[in-house]
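So the sequence shown is residues 2 to 593, counted in our numbering.
Glycine included, C-beta positions come from ideal geometry on N, C-alpha and C.
Bear in mind the structure is a predicted one, so any value in this text is a computation, not a measurement.
In what follows, a structure is listed as structure tokens, so that the remarks can point back to it.
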Amino acid sequence: MKIETASTVINDALTVLSQQKDKACVVCVPFTVGEDTVCKLLEHPKISGVIVHPSDLWKTSQLNSKTVSVFHVAEKPDPVIWNGAKAFLFVGFAQCIPYGVLTSALRNGVKSVISLYRGQWRRRSIWRFLAERHIRGGIFQRFLRLAVLNLDRIGTHSLLARAVAKKLNTNKPIADFVSSLPRQGMTQTKGIAFYTGSLGSGGAERQMVNTILALLDRGIGPIRVVCAGDPNGFYKPVLDSVGIAVDAVYADDTSANEQFTALSSAQLKLASDLPQELAMEVVALSSWLKHHQPSILHCWQDHCNIVGGLAGLLSQIRTIVLSTRSVAPYNFGFFQLNQRPTYQAFASRPEITILNNSRRGADDYANWLGINRAKIDVIRNGVDLSKLVRPAPGEIASFRSSLGIPDSALVVGAIFTIYKFKRPLLWVDVAAKIAKARPDVHFLMIGDGAMRAETEERIARYGLTKRFHLPGRMANVALALSVMNAFLLTSSHEGLPNVLLEAQTMAVPAVTVNVGGAAEAIDDDKTGLVVDKASPDQLALAVLKMLDADRKAEIARIGPEFVRHRFGLDRMIEETLVAYGVGTGIGPTDLA
């Protein structure tokens with residue numbers, strides 16, 4: 002029998018069910034279907050019950066509660082639904098079966114589960130299924146992830162590392178999945194989609210917004226933004242002000258299963274071969290791409306690059322651009338094991354261009370992946386100099402006064418998210434040494450984050466509370482920089498920091514630790530100083546040199562020109578358009 006439905010996946014599942022020997026099977030449908038569909042499912046001779054997605058429809062339904070039950074991710078279906086069934090059919094990916102449904106089935110005598118798994122419909126023992134899920138999600142996964150992390154840190158591209166990643170993620174190498182996807186075939190004519198984790202106040206988000214605004218200034222579009230989570234972040238008002246639509250795709254068990262129905266049977270079978278942690282995110286984004294059909298998909302930062310690259314290939318997007326923004330992810334300790342094999346596979350696809358914003362960052366990725374450094378293009382950050390205009394003296398004076406900074410004080414400042422990779426405690430240690438040498442210096446830390454309280458405790462321990470100012474996040478970067486006499490960055494990892502470019506544009510001498518692409522952002526010993534060792538003594542000495550009045554006058558003369566020449570926004574957009582494969586100088590109708 003066939004059922005008229007928005008997705009062919011139910012009929013595919015019923016075809017598989019007709020080939021089974023079971024006389025009684027419960028079907029679990031993890032997405033919304035009409036009551037007519039449920040009634041028709043119950044007419045199937047092998048279906049004894051249906052577990053449906055929770056919705057208002059079933060609150061008033063008069064269907065027999067012995068044959069229809071409602072499930073939720075955090076709940077278990079009514080035990081009566083199983084009623085002697087020995088198998089149940091999950092109309093979706095095996096990795097998305099709610100734990101409560103599995104355990105309820107097991108406790109009520111069900112022996113097997115049928116679901117989409119590794120490219121086809123498969124029947125497996127529930128005991129085996131649960132055992133695999135516990136092993137993959139428990140101690141085994143954490144242990145192997147730590148093992149691979151250590152291999153990465155020592156630069157070992159060994160067979161052991163590949164074998165561990167392969168075993169942990171999927172028995173079929175992800176490279177095979179990527180190579181099995183067809184070349185571009187759909188015709189997309191609806192502009193550019195930007196895919197990002199959030200619209201928070203970070204440097205990558207700022208560069209994405211700068212790119213969007215510059216493209217709009219050239220009349221290029223249409224442009225849409227899609228977030229992997231909450232779209233209501235720091236830069237949302239900026240995008241709203243220029244009419245950019247911002248969507249969100251969620252990979253939870255409710256919304257992603259709804260998006261599941263938008264894909265073809267062939268796409269679903271391909272996606273079912275993905276590692277558990279990626280499958281539904283890829284489905285969710287693929288559904289969005291199918292609806293909007295952009296010709297270009299531009300993804301930002303590692304996790305979105307992995308999900309976006311896979312979804313873009315699955316959706317046959319013409320051009321996929323993956324922007325990496327720092328050094329390779331193993332440096333940060335929270336990378337996922339799927340990242341290396343997936344990036345390696347992406348490097349062989351002609352639709353995909355991998356970018357980094359510094360040569361040092363690009364080379365670190367290439368070394369980590371074991372690929373030719375030419376496979377990763379460098380597009381350095383672009384600074385919109387027109388947005389960095391020094392405010393009027395009265396506005397600057399008012400801001401200083403609101404912070405409680407004396408008119409005669411010099412100010413050493415920073416703008417960053419206060420979390421461990423920015424090393425805020427090191428920043429305070431350096432400030433303490435500067436404070437001891439220069440009683441006239443105050444310190445300004447713009448930003449917020451998880452380590453704020455710990456940072457304030459360190460400040461108090463040094464007795465510097467009255468000379469430290471932490472006003473939180475600020476949208477007006479120019480105003481914040483206008484009160485600073487020197488800028489200090491102490492990060493442990495960086496891509497190519499926007500704030501260093503902005504500081505030099507505003508004639509503020511910058512000091513940074515030599516990490517990632519930070520050294521590429523400074524004209525060393527002219528517009529600032531690069532310090533090789535993250536030593537409080539050495540960093541404090543460098544900042545004290547930069548507080549010299551003659552230095553500031555010299556940087557006011559050469560800093561903006563250095564940034565304009567090497568990091569101008571027009572240059573970045575021209576290079577981005579080349580990455581998009583559309584050439585330069587295009588007009589409003591080219592992507593519309």
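Asked, Found
"If you draw a straight line from the alpha carbon of E495 to that of A267, how long is it in whole angstroms?", "41 Å"
"Note down, in chain order, each residue of its chain lying with its Cβ closer than 7 Å to the Cβ of Y236, except the 5 sequence neighbours on either side.", "L200, E206, V210"
"Secondary structure at I380, three-state DSSP: helix, strand or coil?", "coil"
"Can you find at least 3 beta carbon pairs, one from the region 292-310 and one from the region 319-334, that sit closer than 8 Å?", "yes"
"Considering only residues of the same chain and omitting the five flanking positions on each side of L117, which have a CB-CB separation below 6 Å?", "F94, S273"
"DSSP has T197 in a bridge; who is on the other side?", "C228"
"Taking the alpha-carbon of A348 as reference, which of L269, L275, I397, S180 has the nearest alpha-carbon?", "S180"
"Touching or not, the region 502-516 and the region 570-586, by the rule of three or more beta carbon pairs under 8 Å?", "no"
"Quick one: what's got a C-beta closer than 6 Å to L564's C-beta in the same chain, skipping five residues either side?", "With the sequence shown as reference, residue 564 is identified as Val, and Leu is not the correct amino acid for it. Excluding positions up to five away in sequence, the list reads V384, L502, Q505, T506."
"Quick one: complete alpha helix (DSSP H) runs, 4+ long, within the region 342-409?", "360-370, 394-404"
"Name the two residues that bound the continuous beta strand (DSSP E) containing M446.", "442-447"
"Given this structure, state the Cα-to-Cα distance separating V583 from D538, to the nearest angstrom.", "50 Å"
"Confirm, please, whether the CB-CB distance from Q294 to A191 is below 8 Å.", "Looking at the sequence shown, residue 191 is not Ala but Lys. Their beta carbons are under 8 Å apart, which means K191 touches Q294 by this criterion."
"By the 10 Å Cβ neighbour count, where 16 or more other Cβ atoms means buried, how is T466 classified, buried or exposed?", "exposed"
"Considering only the beta carbon of each residue, do G448 and F417 sit closer than 8 Å?", "yes"
"Of all the options R453, R462, L411, which has the alpha carbon lying nearest to the alpha carbon of V430?", "Reading off the sequence shown, one finds Asp at residue 430, where the question assumed Val. Considering only alpha carbons, the answer is R462."
"For the region 279-346, which segments carrying the alpha helix (DSSP H) assignment without a break, of at least 4 residues, lie completely within its bounds, in sequence order?", "303-315"
"Among I556, Y366, G362, I377, whose alpha-carbon lies nearest the alpha-carbon of I355?", "I377"
"I think F444 touches A432, with their Cβ atoms under 8 Å apart; what is that distance to the nearest whole Å?", "5 Å"
"Leaving aside the five residues before and after V478 along the sequence, list all residues of the same chain whose C-beta is less than 6 Å from its C-beta, in chain order.", "E503"
"Could you name the residues that DSSP lists as bridge partners for G414?", "L445, F488"
"Just verifying my parser: in three-state terms, what is the DSSP assignment at L502?", "helix"
"In angstroms with no decimal places, state the Cα-to-Cα distance between F91 and W128.", "16 Å"
"Look up R124 in the DSSP assignment and say whether it is helix, strand or coil.", "strand"
"Can you check which of these residues, G101, G110, S202, A106, is closest to A476 by C-alpha distance?", "S202"
"For the region 526-572, which segments carrying the alpha helix (DSSP H) assignment without a break, of at least 4 residues, lie completely within its bounds, in sequence order?", "537-547, 550-568"
"How close, in whole Å, do the beta carbons of Y196 and G309 come, if the pair is a contact with beta carbons under 8 Å?", "4 Å"
"Looking only at its own chain, which residues have a Cβ that is under 7 Å from the Cβ of E576, when we skip the five neighbours before and after it?", "I380"
"For the beta strand (DSSP E) that L497 lies in, which residues bound it at each end?", "No beta strand (DSSP E) contains L497, which DSSP labels as neither H nor E."
"Less than 8 Å between the beta carbons of A229 and V247, yes or no?", "no"
"Can you tell me whether DSSP reads F32 as helix, strand or coil?", "coil"
"Rounded to the nearest angstrom, what separates A481 and S403 at their Cα positions?", "12 Å"
"Is G204 helix, strand or coil when you go by DSSP?", "helix"
"At which residue ranges does the region 422-481 contain complete alpha helix (DSSP H) runs of 4 or more residues, listed in the order of the chain?", "425-438, 453-462"
"L216 to T513, Cα distance in whole Å?", "31 Å"
"Where G156 and F89 are concerned, what is the direct C-alpha to C-alpha distance, given to the nearest angstrom?", "Low confidence applies here, because G156 scores a pLDDT of 47, under 50, leaving its location unreliable; read the following figure in that light. The straight-line gap from Cα to Cα measures roughly 46 Å."
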